[in-house]
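A quick write-up on the structure given underneath.
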Amino acid sequence: MARREDRKAELIDELAAARRRAERSGAAVRESLDVPARVRRAVSGNLFVWIGGAALLGVVLAKMPGRTRKVYVDGDGRRVKSSVAKTGLLLATAKIAFDVARPLLFKIALERLQPFIERVMRQHDEPE
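To convert a position in the sequence shown, counted from 1, into my numbering, add 1.
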């Protein structure tokens, strides 16, 4: 009987130790995932390095050349609109038209589907 009690106490101690380890590792994970606190510590420890890096990045971004537009010209030297612009305009128009017509389309679909839905519901409610 004493042997059983010793084993029980040993298991309780092992369980308590495992819980402490899990709690410590959970706290470590929470601390490693606290990005704002980590950034704050890094910036406060190396303030001049961070300011210098930000200034250097700003200069590099400011000196980068701007994006150039592609202009297509046909054989006569006239500017040709790209099909991408036409497609975008068409899609925008279609979206607006669908948004305006959506209530009407929904009403029509409901009117056409209602008899089918009622028939299915009646078949489902009827006992076999």
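Ideal placement from N, C-alpha and C gives every residue a C-beta, glycine not left out. Remember, predicted model here, so these are calculated numbers, not experimental data.
Taking only the alpha-carbon atoms, compute the straight-line gap between V44 and A63 and give it to the nearest angstrom.
-> In this structure, the CA atom of V44 is about 23 Å from the CA atom of A63.
When you compare only the Cα positions, how much space is there between L105 and T94?
-> Distance from the CA atom of L105 to the CA atom of T94, rounded to whole angstroms, is 18 Å.
Is the beta carbon of V85 less than 8 Å from the beta carbon of V74?
-> Against a cut-off of 8 Å, the Cβ pair of V74 and V85 comes out as no contact.
Which partner residues does R80 have in the DSSP bridge list?
-> DSSP, once it has assigned bridges, lists V74 as partnering R80.
Could you give the distance in angstroms between the alpha-carbon of G138 and the alpha-carbon of V61?
-> Outside the shown range of the chain, which is 2 to 129, sits residue 138, and nothing can be said about it.
Give the straight-line distance between the Cα atoms of G67 and R79, rounded to the nearest whole angstrom.
-> As the crow flies, the alpha-carbon of G67 is around 25 Å from that of R79.
For L58, I'd like the list of residues in its chain whose CB is within less than 8 Å of its CB, leaving aside the five on either flank, ordered along the chain.
-> Answer for L58: no residue qualifies.
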